[in-house]
Structures are given as C-alpha cells and as structure tokens.
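Colleague: Read top to bottom, the protein sequences are chains Y and S. Per this note's numbering: the first sequence ends with 238, consecutive numbering throughout. Per this note's numbering: the second sequence ends with 476, consecutive numbering throughout. Don't be surprised by glycine CBs; every beta carbon is placed ideally from N, CA and C. Keep in mind that this is a model prediction, so the values were computed, not measured. I'd like to ask you about the structure that follows.
Protein chains: 2
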Amino acid sequence: MPASSPKTRAARQPGNAPGVPLSPSRFGDEKATRARILYAALQVFAARGFEAASLREITEKAGVNVAAIHYHFGSREILVQELMRAVAGPLNQLRLDALDRACAQGAPGLEAVVEALVGPPVRLSFEATGEPRLLIRLLIQARALPQEATNHAIFEQYDALAIRFVDAMLQAEPALPREEAFWRYAFAIGALMYIVSDSDQQYHRLHRISGGLCNTDDPQAIVRQLVAFITAGIRARP
Amino acid sequence: MPASSPKTRAARQPGNAPGVPLSPSRFGDEKATRARILYAALQVFAARGFEAASLREITEKAGVNVAAIHYHFGSREILVQELMRAVAGPLNQLRLDALDRACAQGAPGLEAVVEALVGPPVRLSFEATGEPRLLIRLLIQARALPQEATNHAIFEQYDALAIRFVDAMLQAEPALPREEAFWRYAFAIGALMYIVSDSDQQYHRLHRISGGLCNTDDPQAIVRQLVAFITAGIRARP
DNA sequence: GTCTATAACACGATAGAC
DNA sequence: GTCTATCGTGTTATAGAC
Numbered sequence: 001m002p003a004s005s006p007k008t009r010a011a012r013q014p015g016n017a018p019g020v021p022l023s024p025s026r027f028g029d030e031k032a033t034r035a036r037i038l039y040a041a042l043q044v045f046a047a048r049g050f051e052a053a054s055l056r057e058i059t060e061k062a063g064v065n066v067a068a069i070h071y072h073f074g075s076r077e078i079l080v081q082e083l084m085r086a087v088a089g090p091l092n093q094l095r096l097d098a099l100d101r102a103c104a105q106g107a108p109g110l111e112a113v114v115e116a117l118v119g120p121p122v123r124l125s126f127e128a129t130g131e132p133r134l135l136i137r138l139l140i141q142a143r144a145l146p147q148e149a150t151n152h153a154i155f156e157q158y159d160a161l162a163i164r165f166v167d168a169m170l171q172a173e174p175a176l177p178r179e180e181a182f183w184r185y186a187f188a189i190g191a192l193m194y195i196v197s198d199s200d201q202q203y204h205r206l207h208r209i210s211g212g213l214c215n216t217d218d219p220q221a222i223v224r225q226l227v228a229f230i231t232a233g234i235r236a237r238p
Numbered sequence: 239m240p241a242s243s244p245k246t247r248a249a250r251q252p253g254n255a256p257g258v259p260l261s262p263s264r265f266g267d268e269k270a271t272r273a274r275i276l277y278a279a280l281q282v283f284a285a286r287g288f289e290a291a292s293l294r295e296i297t298e299k300a301g302v303n304v305a306a307i308h309y310h311f312g313s314r315e316i317l318v319q320e321l322m323r324a325v326a327g328p329l330n331q332l333r334l335d336a337l338d339r340a341c342a343q344g345a346p347g348l349e350a351v352v353e354a355l356v357g358p359p360v361r362l363s364f365e366a367t368g369e370p371r372l373l374i375r376l377l378i379q380a381r382a383l384p385q386e387a388t389n390h391a392i393f394e395q396y397d398a399l400a401i402r403f404v405d406a407m408l409q410a411e412p413a414l415p416r417e418e419a420f421w422r423y424a425f426a427i428g429a430l431m432y433i434v435s436d437s438d439q440q441y442h443r444l445h446r447i448s449g450g451l452c453n454t455d456d457p458q459a460i461v462r463q464l465v466a467f468i469t470a471g472i473r474a475r476p
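What follows is the structure, encoded as structure tokens:
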C-alpha cells in the first residue's frame, strides 16, 4: 500500500459540498465518476450491509471500472468513510437548521423540537434519494454492526446532535428530569429508525399487519404519528 | 447440490426444544456438535452480520470441523434459518406467556401489556445468553437486511404476535383508534430494539452522552423507562 | 460422525498499457 | 482517467478416507 499520488489527490478533491441534501445528482457532478460511485455505494451498502457488499457490485451499478474505486478513493474502507460522512452530515444539518428556525420564533414547544428531530430524516429519506429509505437503512446498519470505519466517522457528530436536542427538550419541559430526557431521546430515535426502515419495497410489515390502516408510504403520516407518540412519551411522569 | 441423505437426516433431527429460552447450553445437549454450532453461529452472525460472517469463524469458535456444518445442516442458508427459528420462537413464547399470565388476573392494564411485550426480550437478552444483547442484535440485522432466508423464517410468527398485542392494547385502552394502536406498537418495538442494541461492549452511547446518568447495563432500569415512555405514548391523543 | 484435501469461485488490490 | 490482466487470499461446498 504505497502512498501514491493519485490516492491522496483524489482524497483531497471536494466532490460533495457539506450541508447539501443527498440525491442521485448531489454527490457532485452527476457525470463525474466519483459521484456515481458514491451514489451506487449508497444503494449497495444499504441493501447488502457494509461487509457483505462487494466493490464489484458497486462499480457495475455505477457503470465504471473496478479499478476506478481504488483510483478515486484509495481503498474500500475510505469509500465507506466518505460515504458515511456524505450521508450523516447533511442529514444532521437539516435537523439543526430546523431546530434553529423553531428557536428563532421564541422558546419552542416540545412538539416543535420533536418535529425538528424526526421530520428532516423522514422527509429526506423519502424525497431526496431515488429509492426511499436507503439513507436510514444505511444508518441502521452502521449501528447494527459497529465497525471502526463507520462509527468513528459518524458518532462524534451524532453525540453533539443528541446533546443539543436533549437540551431543547429540557427547555421545553422544565419538569422533566435530565436522566429521563436522555432515555427518551434514545427511544425517539429508535422509533424513528424502525418505522422508516420498516416499509421497504418487499415487505411493508406495518401496512400489512394493520390490514392497510397504516400507510407507511406517506411521510407526513409518519411524522404526525411519531410526533404525537414521542411528545406524549417524553411528558410521561417518571 | 444433490439431495443426499445426510442433509435431510440432519434437518429432521430435533436438537432444540420449542419454547425453551436460549442459553449456551439450551440449544440442545451442550456436548452435541449441532448445539455448539448453533450457539457459535448466534455469536458470529450477531457480531458480523449474516452475509459477512464466515462458516470458518463459526466452526473455529465451536471447536468443530468446517465440514460439520454441512453435515449437520446441509448448507449455510439452512443454518441461518434454523438459528433464526431457534432464537425468535422461544423469545416470543415468553412474551405470549407473560401476556397470558397478565390476562389470567382479569383484564390487564396497559402497563401490564407493555411490560409483557418489552420485559421478556430485555431480560432474555441480558440474562439468558453468555454475552448480552447478542439476541437482539441478531434480530436487528434480520430486519436491517431483508433476506429470504431470515425473513420468511420469522415474519410469520412476529405478525401473529403483533396482532395479539395490538388487540390487548385496544382492550386496555378502548378509546384508542385501531390505526394509532398499530403505529404505536411499531414505535414500541423500535424503541425496544434500539435501546437494547445501543449499549454494546465497545460504545455504550447513551451511557456516555448522558454523562453516566443512564445505566444501560441495568435491565430493570431499561424496562422501567421503556414502560413509562411507551404507555404514555400509546395513550397520546391522536 | 469427523477429518483432510481440494474444487470452483469471488473478493480487494495493484501493475501497467493506453 | 480509464481499462485489462492478474496476484494472493478467503470463501462455500463436496468428495472420500478413516
């Protein structure tokens, strides 16, 4: 593994502006090989898992050569890290922006705080990528299988996000004990990730077992249901 | 892939009694090769993911030969299926038993229903296996990566469980609309799985970001927090 | 039932032509 | 920047001795 120049040159290349929501065309110039690899990697890693996915499947989907990944990223592991950064960063920025907007109109109520937490990921997951739910499925797998490559890349920014939102929850509900606020933040994230991942194309579990009552393809319905459930849960007497 | 006799003979072999909680020794006779393979498979699949794990790592951990898996199970895929069945069956039976016990003392309150839903998996996950949380991590991965092998094996029994518990929720809270009951059942499962998987040996995210306030190694605390949050969420006005 | 040996193939990575 | 060819390794699965 020599520190050859193409790798380091490719690693410095911008390719993806921070804070920009994901979409097939927003990993950079859609024609650029690097951008096409990243989007194909999103699809394949989300569908197969990080360890199980192969670079060959990614390059086939991207329509590029196998060697292109090593030229543009240097290694499989670096590709994973850059993908996670490209996914987690914009998503969390949307949440922080939503929280800032809520705070700009005075001290936000609990509903507004929870909406800022769950609204952006649900909407982004459905609207911003070609196939919905890829994004959340990728994050679920980063959690399900802790790996050095994925965790170090994303945990730091998620920790800061959590503390920011817990503080906002505590400000909206001053009677809430600090310990409960942290537990319930975690419960909220769990409910969010589970429901978004639930309804993938093949199974639609909740839709099926509810006899069609729950439309898990409607992001507005998901957000509405999540906010009602989570706010009531946060307000529960310990 | 000829339908040779050893495979089918091995597949019929009982090896694991239904309804028995999981533990290293309860996949069957602890000395039996088949039982040792199953327990090693639980550990390795939970740690690495279904596709990424190799049979070699499983057989090394079980102290058996590589060929033993093919002799006792026939193929990698059948091993996965039998493992999922051995994991999901006993867990859900514990939940149904707990619900039955609650119903035996008259119509159960919502707290009792939720406790029957989340208590058994939390306790089983911590107490019944050598390494805690292996069990839930396995189920999370079965959800995160939909595969024919895992999903068909477990979804049917989970569907029945869901409907049983939603009915119990509706009986405890007659004013609750049926649609909301299904949404909130899914949210409860999401919160449960997320919190149990959160605190694996390396990261302990919630414990860390809460500054040590939340003890995610205490199953009683987890169940208490889950029940408070979920019951309040279920009772939310739509 | 358990082992060794090996077939048949997919993987990540790299060298080197263009 | 992009391709082909290939190396070395690890994988599932099976054949056959014991």
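Count the other CB atoms within 10 Å of the CB of A380(S); is the residue buried (16 or more) or exposed (fewer)?
Modeller: Here the question's residue 380(S) lines up with position 142 in the second sequence. Sixteen is the threshold: when 16 or more other Cβ atoms of the shown chains lie within 10 Å of the Cβ of A380(S), as they do, the residue is buried.
Colleague: Taking 8 Å as the threshold, find out whether the segment 151–161 of chain Y comes into contact with the segment 414–423 of chain S through three or more Cβ pairs.
Modeller: no
Colleague: Kindly say whether Q43(Y), judged by its beta-carbon, lies nearer than 8 Å to any beta-carbon of chain S.
Modeller: Walking along the first sequence from the start, residue 43(Y) turns up at place 43. False, the Cβ-Cβ gap to chain S never drops below 8 Å.
Colleague: Beta carbon of F229(Y), beta carbon of G471(S): below 8 Å?
Modeller: Within the first sequence, the letter at position 229 stands for residue 229(Y). Within the second sequence, the letter at position 233 stands for residue 471(S). Yes; because the gap between Cβ atoms is below 8 Å, this pair is in contact.
Colleague: For a contact defined as C-beta to C-beta under 8 Å, what are the partners of S435(S) on chain Y?
Modeller: If you number the second sequence from 1, residue 435(S) lands on position 197. Per Cβ cutoff of 8 Å: R143, A144.
Colleague: Tell me whether the segment 452–469 of chain S and the segment 220–228 of chain Y touch, counting them as touching only if at least three CB pairs, one residue from each stretch, are closer than 8 Å.
Modeller: no
Colleague: What are the boundary residues of the alpha helix (DSSP H) that P120(Y) is part of?
Modeller: As a working note, residue 120(Y) is residue 120 in the first sequence. Counted as a single uninterrupted DSSP element, the alpha helix (DSSP H) harbouring P120(Y) occupies residues 110–127.
Colleague: Tell me the residue span of the alpha helix (DSSP H) that contains E51(Y).
Modeller: To locate residue 51(Y), count along the first sequence from 1; it is residue 51. Unbroken run through E51(Y): none, as it is neither H nor E.
Colleague: Using the beta-carbon count (16 or more within 10 Å), is Q319(S) buried or exposed?
Modeller: If you number the second sequence from 1, residue 319(S) lands on position 81. Buried: at least 16 other Cβ atoms inside 10 Å.
Colleague: Helix, strand or coil for K299(S), going by three-state DSSP, please let me know.
Modeller: The sequence position of residue 299(S) within the second sequence is 61, counting from 1. K299(S) falls in the helix class under three-state DSSP.
Colleague: Exposed or buried, what is D397(S) when buried is set at 16 or more other beta-carbons lying within 10 Å of its beta-carbon?
Modeller: Counting from one through the second sequence, the residue named residue 397(S) turns up at place 159. Exposed, since its Cβ has fewer than 16 Cβ neighbours within 10 Å.
Colleague: Which value, in whole angstroms, describes the spacing of the CA atoms of L192(Y) and V66(Y)?
Modeller: For the purposes of this step, residue 192(Y) is identified with residue 192 of the first sequence, where counting begins at 1. For the purposes of this step, residue 66(Y) is identified with residue 66 of the first sequence, where counting begins at 1. Looking at the two C-alpha atoms, the distance is approximately 36 Å.
Colleague: Report yes or no: is there a C-beta of chain S within less than 8 Å of the C-beta of D159(Y)?
Modeller: By one-based count along the first sequence, residue 159(Y) stands at place 159. Yes, because at least one Cβ of chain S sits closer than 8 Å to the Cβ of D159(Y).
Colleague: Between the alpha carbons of L334(S) and L399(S), how many angstroms are there, rounded?
Modeller: Stepping through the second sequence from its first residue, residue 334(S) is reached at position 96. Stepping through the second sequence from its first residue, residue 399(S) is reached at position 161. Roughly 8 Å between the two C-alpha positions.
Colleague: Do you know how far the Cα of N215(Y) is from the Cα of E417(S)?
Modeller: If you number the second sequence from 1, residue 417(S) lands on position 179. If you number the first sequence from 1, residue 215(Y) lands on position 215. Between E417(S) and N215(Y), the C-alpha separation is close to 10 Å.
Colleague: If you measure from the beta carbon of Y39(Y) to each beta carbon in chain S, is any gap under 8 Å?
Modeller: Locating residue 39(Y) in the first sequence gives position 39, counting from the first residue. Not one chain S Cβ lies under 8 Å of Y39(Y).
Colleague: Taking the CB atoms as reference points, tell me whether L91(Y) and L124(Y) lie closer together than 8 Å.
Modeller: Reading the first sequence from its first residue, position 91 is the one you call residue 91(Y). Reading the first sequence from its first residue, position 124 is the one you call residue 124(Y). Yes, the Cβ-Cβ distance between L91(Y) and L124(Y) is below 8 Å.
Colleague: Does A62(Y) pass the burial test, meaning 16 or more other C-beta atoms within 10 Å, or should it be called exposed?
Modeller: Start at 1 with the first residue of the first sequence, and residue 62(Y) comes out as number 62. Its Cβ being crowded by 16 or more others within 10 Å, A62(Y) is buried.
Colleague: Could you check the C-alpha separation between A241(S) and A326(S) for me, to the nearest Å?
Modeller: Taking the first residue of the second sequence as position 1, residue 241(S) is located at position 3. Taking the first residue of the second sequence as position 1, residue 326(S) is located at position 88. Any answer about A241(S) is weak, because its pLDDT of 32 lies below 50 and its placement is not dependable; what the coordinates show is given next. When rounded, the separation of the alpha-carbon atoms in A241(S) and A326(S) is 28 Å.
Colleague: Which class does F27(Y) belong to by DSSP, given the choice of helix, strand or coil?
Modeller: Your numbering for residue 27(Y) matches position 27 in the first sequence. Coil.
Colleague: Nearest to E315(S) by alpha carbon, out of P358(S), L337(S), Y432(S), A291(S)?
Modeller: Position 77 of the second sequence, counted from the first residue, corresponds to residue 315(S). Checking every option, the nearest Cα to that of E315(S) belongs to A291(S).
Colleague: Under the three-state reduction of DSSP, which class applies to G312(S): helix, strand or coil?
Modeller: Residue mapping note: residue 312(S) aligns to position 74 of the second sequence, counting from 1. In the structure shown, G312(S) sits in coil (DSSP, three-state: anything other than H, G, I, E or B).
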